[in-house]
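Please read the structure below before turning to the comments.
Here you go:
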């Protein structure tokens, strides 16, 4: 059965990759030659995390919600049950109960009907845990005691450790004396919202070791009785230091748990703990058709988002000896930073590597195998784990990232690229501004950054299930960006989603076109003790904080800024790279070089593989200096000697531009502090468009490349942009306006240049071809005269929203509607129609550009009853063909503002909407934090809304030969 399901998933991944390749191959023939958009599927559309608050769902409202999501252009949902809504306790459904499974089954059936995808979180909230997790399977923490024993003496103290009581809560914390074991037997768990619990109790001794100053160690564990009495007399000749390690309870509870999901988090380093945890799902799924679940999801690690660290597991010492080749118990003083500093750092490095290995081998891989048994794949956020996150991500079918920094996205995206995974996803737009202040235009800018960083499967974070009859603003999640039908901009949400779907139809096709593999120097960080008072473990995201200021970080930042394309690669992944014809093959990508960026430690096996790559014809680049040593403690002398001998085979001579060269077999090593000189001599070309403030993501397919390009500068781009790839023709696509055509291309300085016109914040897609193509040209326009003001009386009708519809306004001077109307307009969140008539300008312009100036909100533009566009910002401009203009024209602009003004009104009038258990509705900034610590908009002034202008018509002329 395992073989069959394994083959099934393998075939599934092959089909995904083949579909991506074929989409590119077809678009090469059809998409470029005929200038056609690739097909849109539910997978190319953005998805969203779907919060089931209290799991208080019903079939009627599930269908209503999903139909809304479908209409809005979403392609799928990831179900994550979380804490409930106050006043709806009678509707709560216990997690994984038969009734809950019935709701899941209905959702899967509806998703099939609506052609939507469904992923399911393997927990309520995060991390993995629940009421069925026993103390044996819960996360563990290492507690220590030391004792001094004189030579010839006995220890008089008892070798016992009583764990002190602890309660951390996001709700109403009870007294520890009032809390019962097991946790699930307590009432009002939603009200308590327990985050961490430790009961006062004696915890078991894991090991007792004795050490003397002569380097001797003795294992005394078996000599300690049940009362903690040690039956041992210290040998004469020296004094002894005793280290006792106790297996304590970390106590981390599931965060944001739904009813029936409250309980301890599992021990992520224990394979049996995971198996016992997943067995609860096996039992719940029996008798149900769950084939509609595409993937199971795990949120970021976050076990140690608590007091202390989960840094122990019962089999730690056995796992360590098996993996590192020596007994950690003989070196406990070094583990805790005592004695020789280098030895201490090396032992600590080995401990951290072992923790990393166990998280990979005992949690991530078995979980993936379990999902396969359900004919599903897994999606995971590995960042924040105490491990080499590149290896964790590589074991995932869809690696997922989050944040607001392209380099923070790199580990997930790189692992997808290096291992040939077709999709990399993102938890997107979680916290942008404070509650109710993020517009769809703000979200677009955030999404653009993810796609620039290599993400090609966007997940919003998120959408809360909300009943049809829920009072405004409905049920909300605690993060500040609210995608909900109650949001006035919801009606324009499909515009953003269609934009993303068009981009992802390109970015999910072909394969990545990155040139450089940069070594991820995890052992440099593992070998730095850091603040041991904070714990033995480090938790990794990308560069910051653990790699800040390192050569690795500096090289990554410089390559990104200068337009070099690269992926990060781990030691495990380097072992699988195949050199061929001077290239480095992995994940279906032919990289041009591998870079070691001023790292200190590298395993002997990795360095040997890198040298072998060069021997086979590859170019290896060293930015800064060569690695100095091997990491870790076991068999150090032998490994170090072999490492030094290996480096001794590299004989560098001075080359051009200060770059040193060492010929190795058919290939070479290049070494320099000058990154640009280093990569130029290695034969790499950068994308010079970054010099102009353009950022890009590039993918390749059978007959060309696809670019996603965004103007991230504050200046308009109107000119020739060089491309690093060969191109005789380039198709240009505007994913927001859905315009397309063959771009103007010229050859200059030995490379193709494409003509682009991009306002700040605007984006485009390019698809190149090495051969000349025919087709309709892309239309470029430039100003053909002075702007013409659209003046007269504007009528403003408030058509949808609340708390009430303000009276209509007529004005000849545009301002925020909060300034033009009374108190009703100040409190209004919703949609207003702006209408004005104007005469056709007296000129011969082929095209007129309508520029609305400053707009607060999203804007649907209609001319003479015909919709022209939906504008999300930051630019509010739309081109109007002269033929569409009549002698007298009616312009209507429907503007939807933010949710903020209605929230201000509600807070000033003490109207409840912060009605949730657990963390409820926390403030994002100090200026919105109330006395209870929750968000309040009561002190805000009304936020500008509507068209402020000035509104102009700008005559345009076609540019034929730029």
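Residue numbers (our numbering): 1445 to 2406.
Every residue, glycine too, gets a C-beta built ideally from N, C-alpha and C.
This structure is a prediction, so every number in the text was calculated from the model and none was measured.
Spatially closest choice to residue i from the options, by CA coordinates
{"i": "residue 2190", "options": "2184, 2199 and 2249", "result": "2199"}
{"i": "residue 1695", "options": "1716, 1579, 2008 and 1767", "result": "1579"}
{"i": "residue 1630", "options": "2014, 1703, 1897 and 2034", "result": "1703"}
{"i": "residue 1736", "options": "1682, 1794, 1793 and 1821", "result": "1821"}
{"i": "residue 1738", "options": "1565, 2236 and 1846", "result": "1565"}
{"i": "residue 1672", "options": "1619, 1712 and 1599", "result": "1599"}
{"i": "residue 1954", "options": "2402, 1814, 2151 and 1500", "result": "2151"}
{"i": "residue 1899", "options": "1517, 1857, 2282 and 1998", "result": "1857"}
{"i": "residue 2252", "options": "2228, 2230, 2235 and 2278", "result": "2278"}
{"i": "residue 2431", "options": "2070, 1520 and 2177", "result": "Residue 2431 falls outside the range modelled here, since the chain spans only 1445 to 2406, and no answer is possible."}
{"i": "residue 2149", "options": "1809, 1678 and 2213", "result": "2213"}
{"i": "residue 2097", "options": "2107, 2088 and 1584", "result": "2107"}
{"i": "residue 1754", "options": "2196, 1978 and 1529", "result": "1978"}
{"i": "residue 1760", "options": "1747, 1776, 1559 and 1748", "result": "1776"}
{"i": "residue 1657", "options": "1783, 1718 and 1765", "result": "1783"}
Neighbourhood of residue i by C-beta distance below 6 angstroms, restricted to the same chain and skipping five residues each side
{"i": "residue 1886", "result": "1876"}
{"i": "residue 1928", "result": "1918"}
{"i": "residue 1446", "result": "Confidence at residue 1446 is low in this model, with a pLDDT of 27, below 50, so the placement of that residue is unreliable and no value is reported for it."}
{"i": "residue 1680", "result": "1595 and 1596"}
{"i": "residue 1879", "result": "1924 and 2379"}
{"i": "residue 1826", "result": "1833, 1836 and 1837"}
{"i": "residue 1926", "result": "1920"}
{"i": "residue 2048", "result": "2074, 2083, 2086 and 2087"}
{"i": "residue 1745", "result": "1828 and 1829"}
{"i": "residue 2171", "result": "2196 and 2212"}
Cβ distance (whole Å) where residue i is taken to contact residue j below 8 angstroms
{"i": "residue 2039", "j": "residue 1961", "result": "7 angstroms"}
{"i": "residue 2002", "j": "residue 2119", "result": "5 angstroms"}
{"i": "residue 1881", "j": "residue 2342", "result": "6 angstroms"}
{"i": "residue 2121", "j": "residue 2103", "result": "5 angstroms"}
{"i": "residue 1570", "j": "residue 1903", "result": "Wrong, their Cβ atoms sit about 14 angstroms apart, outside the cutoff."}
{"i": "residue 2025", "j": "residue 2109", "result": "Not confirmed; about 14 angstroms, so no contact."}
{"i": "residue 2332", "j": "residue 2281", "result": "6 angstroms"}
Residues near residue i by beta carbon distance below 7 angstroms, same chain, minus five either side
{"i": "residue 1448", "result": "Low confidence applies here, because residue 1448 scores a pLDDT of 30, under 50, leaving its location unreliable; read the following figure in that light. So no residue of the chain qualifies."}
{"i": "residue 2247", "result": "2271, 2346 and 2349"}
{"i": "residue 1905", "result": "1493, 1871, 1872, 1873, 1874 and 1923"}
{"i": "residue 1859", "result": "1834, 1837, 1838 and 1843"}
{"i": "residue 2007", "result": "2130, 2131, 2132, 2133 and 2134"}
{"i": "residue 1987", "result": "1851, 1997 and 2000"}
In DSSP terms, what residue i is bridged to
{"i": "residue 2143", "result": "1956 and 2150"}
{"i": "residue 2177", "result": "2184 and 2209"}
{"i": "residue 1811", "result": "Paired residue(s): none; residue 1811 is not in a bridge."}
{"i": "residue 2255", "result": "2238"}
{"i": "residue 2233", "result": "2396"}
{"i": "residue 1491", "result": "1520 and 1903"}
{"i": "residue 2275", "result": "2244 and 2340"}
{"i": "residue 1592", "result": "1685"}
{"i": "residue 1642", "result": "1610"}
{"i": "residue 1598", "result": "1677"}
{"i": "residue 1570", "result": "1699"}
{"i": "residue 2164", "result": "2199"}
{"i": "residue 1422", "result": "Residue 1422 cannot be examined here, being either before or after the span of the chain that is shown, 1445 to 2406."}
{"i": "residue 2097", "result": "2105"}
8 angstroms Cβ shell around residue i - same chain, five flanking residues per side excluded
{"i": "residue 1627", "result": "1575, 1633, 1638, 1641, 1697, 1706, 1707 and 1708"}
{"i": "residue 2409", "result": "Here the chain has residues from 1445 to 2406 only, and residue 2409 is not among them."}
{"i": "residue 2402", "result": "2223, 2224, 2225, 2290 and 2291"}
{"i": "residue 1648", "result": "1690 and 1691"}
{"i": "residue 1462", "result": "Confidence is the limiting factor: at residue 1462 the pLDDT is only 40, short of 50, which leaves the residue's position unreliable, though a coordinate-based value still follows. Answer for residue 1462: no residue qualifies."}
Proximity test, Cβ basis, 8 angstroms: residue i and chain C
{"i": "residue 2050", "result": "Note that chain C does not occur in the displayed structure, where there is just one protein chain."}
Is there contact between the segment 1685–1694 and the segment 1653–1662, where contact requires at least three CB pairs shorter than 8 angstroms?
Proximity of the segment 1685–1694 to the segment 1653–1662 meets the contact definition, three or more beta-carbon pairs being nearer than 8 angstroms.
So, does the segment 1830–1845 touch the segment 1863–1876, judging by three or more C-beta pairs under 8 angstroms?
The segment 1830–1845 makes contact with the segment 1863–1876: 3 or more CB pairs, one atom from each, lie closer than 8 angstroms.
Could you tell me whether the segment 1534–1542 touches the segment 1505–1520, where touching means 3 or more Cβ pairs closer than 8 angstroms?
Too few Cβ pairs lie closer than 8 angstroms, so no.
Could you check whether the segment 1787–1805 touches the segment 1718–1725, counting it as contact only if at least three pairs of C-beta atoms, one from each stretch, sit closer than 8 angstroms?
Because the criterion of three Cβ pairs below 8 angstroms is not met, the segment 1787–1805 and the segment 1718–1725 do not touch.
Would you call the segment 2299–2313 and the segment 2329–2341 touching, i.e. three or more CB-CB distances under 8 angstroms?
They touch, by the three-pair rule.
Does the segment 2011–2028 touch the segment 1820–1835, meaning 3 or more C-beta pairs lie closer than 8 angstroms?
Taking 8 angstroms as the limit for Cβ pairs, the verdict is that the segment 2011–2028 does touch the segment 1820–1835.
So, does the segment 2257–2275 touch the segment 2385–2392, judging by three or more C-beta pairs under 8 angstroms?
Cβ pair count under 8 angstroms is three or more, so yes.
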